[in-house]
Every structure is written in C-alpha cells, then in structure tokens.
Amino acid sequence: MRAVAWACAWLLWASPGQRTAAADPRALAADAARAVKSPEAEPGAAIATLASAPPLPRGGLAIAEVDVSLAFWRGGDRRPDGTRVRSGRAWARGRARYVLDRPATAGETVVLLDFASSMPREPSSLDEVALASYVDGPFDPGGLEITGHDGARSLTRAGPRRDVVVTLAAGATSFELDYAIDVPHRYWPFGCVRGRCSLSGALAPLPSEPAVGGVYLPAGGRVVAPAHWHVREAAFVDDTAAARRSSPRTAFEVVVSDPGEGRTPYPGIFFGPRWHRTQEWYRGVELTVLTPWRRPSGQVPDDPRIQYRSDVAGIVLSIAEELIDLLDALDRPPALGRRITVVQGPLRAAVAQAHPGAVMISDEAFELFPAKRFRRFHEDAIGRGLADVLAEAEFDGVQPSSRALWLSSGAGFALLQLWRTQRDARDEFAHDMLSRLTFVPAVDRFLYTQQASFSSAYFRGVEDEMPLRNHPLWFAHALPTGRRIHEKLGDLIGPEGLDRFWLELLAYPSRDPQRVAERAFGRDLGWFFAQWLGPYPAVDYAIVGFDSRRNPDGSHHHRIEVRKLSAQPLVEPVQLLVTEVGGKQHFLSWNGELGDAGDARDSVAALAREPTRGTHVFELDTSARVRSARLDPRSRTVQTPMPKANVDPLFDDRHPPRFRFLYTGVGLSIAASEFLSARTATARFNAVTGFASFESSLRRDLRRTGHVQIARDRETDIAVGLGTNLWFGRKVNRQRRRARVRLYESVSLLNGRSLDPRGGVRVIETVGLIDDTRGFAWWPERGRWLSLTSSARHTIRTDAPHDNRHDITIDAAWIQLWRLAKDHVIATSLFAEIVNPIRGASEFRALARVGGIGGLQGYGADEAFGRGVFLAQAEYRHVYVNDLHLNLAHLAWLRSLGGVLFAGTASASRCDRLGGWFGARSWYGTVGYALMGYFSILGVTPQLVRLEVAVPLVRYRGETCQGRVLPDYLGQVQGVPDATRLLPPVSFNLLFQHNF
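Following our numbering from start to finish, the sequence shown increments by one per residue and tops out at 1235.
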C-alpha cells in the first residue's frame, strides 16, 4: 500500500510534460522516430579518455570523534592580548581534540578543511545584488589561525584552500589543536550581523575525505567526513564591558544544535542577543524555533494574511509536523529523541539553508507581498531545509561521505515534492504567475535578469544554483546537490522508477544507489552517475530549422530540427512543446543522444563516444497549423552560451521568437525649489518634466531593441521619439550587452511659454555610440559609461515669419565608478556638449544647460546657458545601515539607508560663440548631500529613492545671452520684478535613480 501511495503521489505531481520527458535513454521518443541527422563533429572531442567512475574509497585513517571547547569575545571586548574586537564582529578561541579510528602508522596524514578561511577575498564575479547576499558592507575575510598543536608530528597548510594537513607519529591515537577564529562582519552561514553570529562549519577544522563522483568532477575536491562531535564548552568570556551592556532585554546566549549520539559532519553554533524560543515535541522529535522577534498575536493556524510580521515560528512548526507525518506514513519515522533546531538570522543567500541538525532561516523570510501564491515560495524553501535535515540521518554514517551528501539532499527534495503534492500545491513558479505582466519593467527585469532577493526560490529548474559555494558541506568540491540527481533520474526512468528507487534506498540506506537505480530502470546507468556527479556540462540547444507542409488530407506535417552543442559528451532528455493554432499541445521528447550506444554493457565508454555537436529532427503531424514550438518548456536543462558568451542561450529555443513590449519607465521629475519659487502657473508647470518610455524586441534577443518615448518638458508640449539600439560585445547581465549603437528620431511640438517666445515643430535625428559595463541599474558599484553622440536638430516654424533653425550638437560623456568597498563608491562624471548652428541663431531651448536634474543640481535649468558646456561631477555614495525590515504596507520594504555627498563644477561658453569657455566668469559650482533608501518592491525587486539638497556656490548677474540679461529675463517672463527671488539658495530634488 505504501508503494502504491508513493507512486500515485508522483504521478499526480508530474505534469504531462514531465511524464513525456521520462524517455528511454537508448531509444528515440515515439513522436520523433522517423528522422535523425548524422552528428556533425567527432565524438569525445572534449576528453581524451572517459573511464568508469572510480570506486568509492574504503579504509584509510579517519577521525572518529571530535571534542571542542570554545570561548567567545563579542565586538568591543578585549582579547587576551589586549586588542579590542572590532564592532560588529566576534572572536573565538578554541581547542579541539581529534580521536582517530585506529592507531596511526608513521607518517600517516589526515586532512582537515578550514571553512572559516574559505573566502579570503571579496568575490569579483558577482553583480551588486548577488554580492549583497554574502557581504554586508566592506568585505571582511575572517579566518582561522592555528596557534598550537599537541600529539601531531607536524602540521602544514596545503593547496589553494589551505587545507590543514596533520602528519602523525606511529601509534598516535589522537591529537589536539589550539586555534583562534576571527568571525567576520558577514552574512551567515559564517559571520556576524547585528550582533547575531553563526559558526556553522567554522567552529573547528573539519575532518574530510576525498570527494568521489563522476568523470567530470575536478581533482582535489574533499567532502566533510562525519564524526562523533562533542561541544564540551561554548560560552562568552567574563568581560566587564560586556556585562555592563547586558540586561534582561539584551542578554546574550550561545545556541548549540545538538547532533545527538550519531555521527554528523559538524554541529551548529549560534550566539548573540537572546532569541525568542518556541519549542514543542512532535511524534518523538524535539522541534526548537529561535526567532529574533516575539511571535505576533495572529498565530498559525489562525494567522491573518496581512499583519506586520508573519508568524515564522508557527509556519515552521506546521511544515515540520507535516513532513514528520509523511515520513511516518512511509514507515521511516525520525528516531525518537531526534532534535532539530531552526534559527532565524541574517541569512541572505537563500530563504532557508540546511545544516546538520539545524536549519537557518533568513530574517527576511516572508517579507514579501502577502498573497498565498507568493508566500508559497518561501514556505517551499523552508520545507526543503527541514526535509534535508530529516533525510540526512538516513544516510550519514551508512554511506560514504560523498554519496551521503547528495543522497540525503536528493531524498529531502523527494520528500519536499511529496509534501507539496499533499498540500495540493500547484506546479507554479514566478514565470507562470507573471508572464502576462512582462510589460511592467520591474517584472521584466525580475524574470529575465533575476537580479532580486532569493531569486532562485522563484524559478523552475533542475539545479540548486550556487553563485558561491559558501556552505561548509559544499565549498571544497564540485559535487552537485541531490536535487539534480533526483530531477534528472526522474526525467530518465519516470515517476514509477523513481518511486522504486527511493523506496528501496529508504528501506535499505546502505545499498549502492547506482545498483538500486539500475534495478528500478532495468538498464545500465553507469553513464548517468558518471555524467552528473560533477559540474553541469556546458550545453546549448537551439531550434535551427522548422519546415511545415500541408498533407493531401488537409493535415500538416512538420519537421523541427534541433541543434545540440556541448563542451563535453552529454546525454539528457530534451523536450519539445508544439502548440497548434487553437491551443492543442503536443509534448515530444528526445533522449538527447546523438551517437550509437555501442556496447550496452559499458555505458560509460559509450558516453565517451558521444558527439559534442549534432542535430536531431522531430517529425509531427497536426490537424491545424503550428502556432509555436518551444524547447525545454519546463526548464529541465541548464543551458550555457558557448564562447563568446554574449547571447542568451534560450533565445533560439522558441520558434517563432515571442515579441516583447514593455514600458521601461513613467517618470515625473519636479525641480522642487524652482516649482515653489515660481510666481506663475506657467513657470510652475515648466518645473515639471514627465515622460513615458517603452521598449520592444524579440524575447531574449540581445542583438536589437526598439524604443518609443513620449515626453513633455519646459519647452515641449509633447514629444514622440522612435529609436533602435544595435547591441554588441559581451554580456554584462542576463538581459544586456555592454555596447550599442543608438539610432533615434524624435518629433516635438514646441511651446512659447518658456524663455523662447515662439514655438514650432522640432525634429531631431540622433546617432550615438555607447559602452556601458555597469551590470546593475539601480545602485551600481562597478563599471563605466562611455558615450559619443551627435544630433541634427531642426526647428520648423508653423506660422510666419518662417525663421527656421538648424544645428548639430556633439556631446561626449565618461562616467566611472571607483569602488572603495562594498556600499562605498566614488562616482565621477565628465560631460561636454557643443552646439553648432547651421542656419539661424540658436534659441535658449537649443543651448547647452549648466543646471537642472542631470546637470549641476544647485542651479535651475533656465539659469545658465552656453554654446559649449563642460561638466565635472563627483559623488561619494555610502550606506549607513543595512538589514532594515521596515514594512511599508506590504508593498515595499526598506532594506538600507545611505547618503550621497556630491560636488560639481561646470564651465559654459558664451551663448553666441564658444568664446569665454573656461574663462574667469564661465565657472559654476555646486555642493550637496542626498539621503537614499534601498527598497525591495513587493519584497522582491530592488528600487532606489534619492532625496537631495544642493547649494550653488556662485551666481552671476548681468550675463547677456541671446540679447537678454540673465537672470533678470527670468523675472520678466514670470512677471516678478526681482528675479533673484526665483533663484533659491537651496534646491531640493526627488529622484528614483542616481544622476549618473
């Protein structure tokens, strides 16, 4: 009955596409059996030899037991040498005794892993959003220093990870290490933020053994080996300053996740201000949830959907109970007395993260729009962490460490999916929910750049993406998590085979998983584990041909050609979704194999002969015409663009490509000081600038984009512009390449309400060359902008006299970001513009401006003009405080507060010629300061708000421009006798992006 129930659950969970994708790896799908092209390239080009996966190691000297004692110093405390621990950090002194599983022979070694020192420098490959998941402020490396040892013949550091290699004397049965841990100001799993610290995996050097996996697994990797851990002591030192800071409300505590009596990779250690504890026993399991805040008044199961803070403890306990019930129904209940600790703290890389005997939960969990469909993503992440912890006990100590690592996480993922089925959760991810809203730029950026908090929780896939393997169990090797094995095995052997695989392994946890999988499938699977137990091989698929013809009976015959290009031999099922006009769908599957399987008794050798490039043809008959064909509709593959990596590998997965249209911005800029000081309605209206811009392209096309903009400003009643960008160069994020040629044409209806008394129609043709290496739009910290633009402008009078004006402008800009540290950036901008009249004298509207938004912020836009203008600006952008949790009506959360100190100078030539440029009375200057807030819209997408105050340093009177005297002419236009009243000494501006 249990087997039937499990199989039914998997069948209910699997969509039609998933069931179809479970193809025989040595036979083509039935829908596509009629035509296959020959491979294009020689087989096995990527590797010279490809042997069977090496046998798992047995024996060798190992650590059986570890006894640890730790003393902690908090930020501000004095260490034994008299130096103070820096604020926001911690320091620990430890002593660990390692007991061997047998007496050592002379010269035998053991290798210990140092997770505390695994991030010696700031990661340079991450964009600003991803980096903010690991680093809080200026980078702090932390680390572990061994200060002494006893019982070992010698101790050295080896390799790029600086593993601790301990050489032992003959007959040695144990050794001891003395060490100091510098706990950095960094997000968990290792670090301190807001006084809450985690030492998970960093409490001592960890016993290890060589990582064993597939043929693509890089050499030199090691996995943590479980041992019997005993934390004999873990306490704060008796520090007078710390005692003065402590009170019943701010008391500190140390939490040790109890690993029980069994073997475990390491125990978790957390310390900081006392957590609020919620504890219960359920079916013999002790569940402890620690949260920074008290539980709210609305508690599970009666918690309202909208309250300031979610009942995290209640949600966690509810999920844990349901998972324990499932294990009990499968006759695999957790051991009586099992303890699971859930700690909420400053984790940013994921909503939840599993560790031996403990689950970390981010203190930003459930800080998102409180719709049930959105909350489910965070509930799933917490369920995954709990399921992994519950499953780890099944395999730790009974399987070799490398196997136990991915088996336990794979079993946890299987349990998670069964739990989701029981909850009747829909197979729905962010793209399914938001695909009809991609015209909204925030949604478009979220879906296609994935620059968002916890982005991996919202997207369908087969892989646990780890931009950094910042986890004690994963940092020292390249083995995958069990999710990949579970998902790929399910695609291959189907839900019934997967059911048999997990049922046998849960009943007999010590069995070889490859042999169990082969019994479940009935075929040799050596190639499968050889291929997947390592980094995901780089591969790209594309629809390269689509041919349709009408049959005599009125039906339609289609041949769809798919190209496969991989860096290494790879076989994986590939699915094709064909949709007819009218909505009927066809799921076709190809096993992904290009070559001949050869001798089925040696599938690993057959994998070595698999070509790395070739094509496959699907054939299909339909009653109606085909509307679209889409490769991999359920994201069952991970595609990588082949070098040069400047394209989106999913662009050519759909035929025909889907059209994309979105508004990229609706902006309203108000020069607040100019607005308030104006004396006429027209002048106030001139201080308001608005625009609506739109972008269109083929979905995921990084080659060309089109643009439409509708705008108004102080001189224009309405302007409509059309343009295109021709992109080239490498990618700077998933949605944009670095360089482009910009072609733009605009037509605007000019008014006579500004400084120019006559209107007309203005036509502008623009061509520009832009190189922008900034990867993140809202608050970039790295990169530069270089641009050279030329515009031809034509002002056509619509009434007499027809004194039309024509000119050419040339401008150049260089923006550079000089990163001092995380959250501390110097931004500089140099800009120059020259106006060259071709026919007729230039009007005010045609001249280059010194002030206004985008110029020197302390000056009004109508205050200073020139035929040539040069601007130099600098800003120091800095963050005061991160990790805020200010909930703004569940629509946005304030995450960080910062400031911008800025200054700028400009030189303007005369209005009728370039003379006087850089002369004595040509210079202007401004200084100011801005407050900025980093927001998370709906708890997901980033947004910047900037409120700035600027002061002009110099103002000139009596300057002549276009035959008018400034600033007196401003007063004449507005009917104000004293024009200085229109020039406020302080300007205020509200912006939603940086000036440059």
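Ideal placement from N, C-alpha and C gives every residue a C-beta, glycine not left out.
As the structure is a computational prediction, the values presented were derived from the model and not from experiment.
Distance, residue j Cα to residue i Cα
i       : j       : result
Leu1095 : Glu1102 : 11 Å
Glu743  : Pro609  : 40 Å
Val986  : Asp1046 : 15 Å
Phe634  : Tyr1168 : 58 Å
Gly301  : Leu351  : It is worth fixing the name first, because residue 301 is Ala in this sequence and not Gly. Cα to Cα, Ala301 sits roughly 10 Å from Leu351.
Leu1170 : Ala1051 : 29 Å
Pro444  : Val403  : 8 Å
Ala1113 : Asn1234 : 11 Å
Phe740  : Leu309  : 43 Å
Phe378  : Pro1181 : 22 Å
Glu618  : Ala588  : 16 Å
Pro264  : His855  : For Pro264, the predicted model reports a pLDDT of 31, less than 50, meaning its position is unreliable and no value from the coordinates is stated.
Ser805  : Phe1109 : 51 Å
Val1002 : Gly968  : 31 Å
Asn790  : Ala450  : 57 Å
Pro1076 : Arg1044 : 8 Å
Val783  : Glu726  : 27 Å
Glu631  : Arg313  : 33 Å
Leu1136 : Phe1174 : 9 Å
Leu267  : Lys803  : At Leu267, the pLDDT of 27 sits below 50, so the modelled position is not reliable and the matter cannot be decided from this model.
Thr395  : Val349  : 11 Å
Ala490  : Gly333  : 23 Å
Asp1011 : Thr1219 : 40 Å
Val539  : Thr580  : 19 Å
Arg513  : Glu492  : 5 Å
Residue i burial status per 10 Å Cβ neighbour count (16 or more: buried)
i       : result
Trp520  : exposed
Gln518  : exposed
Arg360  : exposed
Asp389  : exposed
Thr1165 : buried
Pro734  : buried
Asp497  : buried
Arg471  : exposed
Ala729  : According to the sequence shown, residue 729 is Gly rather than Ala. Buried: at least 16 other Cβ atoms inside 10 Å.
Pro1224 : exposed
For residue i, the first and last residue of its enclosing beta strand (DSSP E)
i       : result
Ala329  : Ala329 to Leu339
Ser1237 : Outside the modelled stretch of the chain, which goes from 240 to 1235, sits residue 1237, for which no answer is possible.
Glu560  : Note, Glu560: premise wrong, no beta strand (DSSP E); alpha helix (DSSP H) at Val551 to Ala568.
Ala574  : Note, Ala574: premise wrong, no beta strand (DSSP E); not H, not E.
Gln1213 : First-last for Gln1213: Asp1207 to Gln1213, but that is the alpha helix (DSSP H), not the beta strand (DSSP E).
Pro1181 : Thr1180 to Pro1191
Glu702  : It is not in any beta strand (DSSP E) - Glu702 carries neither H nor E in the DSSP assignment.
Ala474  : His467 to Phe475
Met881  : Unbroken run through Met881: none, as it is neither H nor E.
Ser874  : First-last for Ser874: undefined, no H or E at that position.
Asp306  : Ile302 to Arg313
Phe1227 : Ser1226 to Leu1230
Arg461  : Arg461 to Val463
The alpha helix (DSSP H) enclosing residue i, as first and last residue numbers
i      : result
Val454 : Taken as a continuous stretch (DSSP letters only), Val454 belongs to no alpha helix (DSSP H), as it is neither H nor E.
Glu367 : Glu367 to Leu370
Next item on the list: Could I get the ranges of all uninterrupted alpha helix (DSSP H) runs contained in the stretch 582 to 670, with 4 residues as the minimum, in chain order?
Entry: 611 to 634 and 640 to 661
Next item on the list: Can you check the stretch 1044 to 1069 for any beta strand (DSSP E) of at least 3 residues that lies completely inside it and give the ranges in chain order?
Entry: 1044 to 1060
Item checked: Segments assigned beta strand (DSSP E), at least 3 residues, entirely inside the stretch 745 to 812 -> 778 to 789 and 795 to 805
Next item on the list: Note down, one range per segment and in chain order, each beta strand (DSSP E) of at least 3 residues found wholly within the stretch 945 to 1026.
Entry: Qualifying beta strand (DSSP E) stretches, in chain order: 955 to 972, 975 to 989 and 999 to 1011.
Note to self: Under 8 Å: do the stretch 574 to 593 and the stretch 621 to 630 share three or more Cβ pairs, one atom per stretch?
What the structure shows: yes
Check: In the stretch 512 to 544, which residue ranges form an unbroken beta strand (DSSP E) of at least 3 residues, counting only runs that do not cross its ends?
Finding: Listed in chain order, the complete beta strand (DSSP E) runs (minimum 3 residues) inside the stretch 512 to 544 are 515 to 521 and 524 to 530.
Notebook entry, point to check: Which parts of the stretch 1080 to 1157 are runs of the beta strand (DSSP E), unbroken and 3 residues or longer, counting only runs that do not cross its ends?
Noted result: 1107 to 1120, 1125 to 1127 and 1131 to 1147
Margin query: Quick check on the DSSP output: what are the complete beta strand (DSSP E) runs of length 3 or more inside the stretch 817 to 858, in order along the chain?
Written below: 824 to 829
Next item on the list: For the stretch 842 to 849 and the stretch 887 to 905, state whether three or more C-beta atom pairs, one from each stretch, are separated by less than 8 Å.
Entry: Because the criterion of three Cβ pairs below 8 Å is not met, the stretch 842 to 849 and the stretch 887 to 905 do not touch.
Notebook entry, point to check: What are the complete beta strand (DSSP E) segments, minimum 3 residues, inside the stretch 347 to 429?
Noted result: 348 to 352, 382 to 389, 393 to 397, 402 to 406 and 413 to 422
Note to self: Count Cβ pairs between the stretch 989 to 1006 and the stretch 954 to 967 that sit closer than 8 Å; are there 3 or more?
What the structure shows: With a cut-off of 8 Å, the stretch 954 to 967 and the stretch 989 to 1006 count as touching, because enough Cβ pairs lie within range.
Notebook entry, point to check: Contact between the stretch 1193 to 1202 and the stretch 1073 to 1092: three or more CB pairs below 8 Å?
Noted result: With the rule of 3 Cβ pairs closer than 8 Å, the stretch 1193 to 1202 counts as touching the stretch 1073 to 1092.
Next item on the list: Assess, as a yes-or-no matter, whether the stretch 639 to 646 is touched by the stretch 701 to 708 under the definition of 3 or more beta carbon pairs within less than 8 Å.
Entry: no
Note to self: Does the contact criterion of 3 or more C-beta pairs under 8 Å hold for the stretch 743 to 759 versus the stretch 821 to 833?
What the structure shows: no
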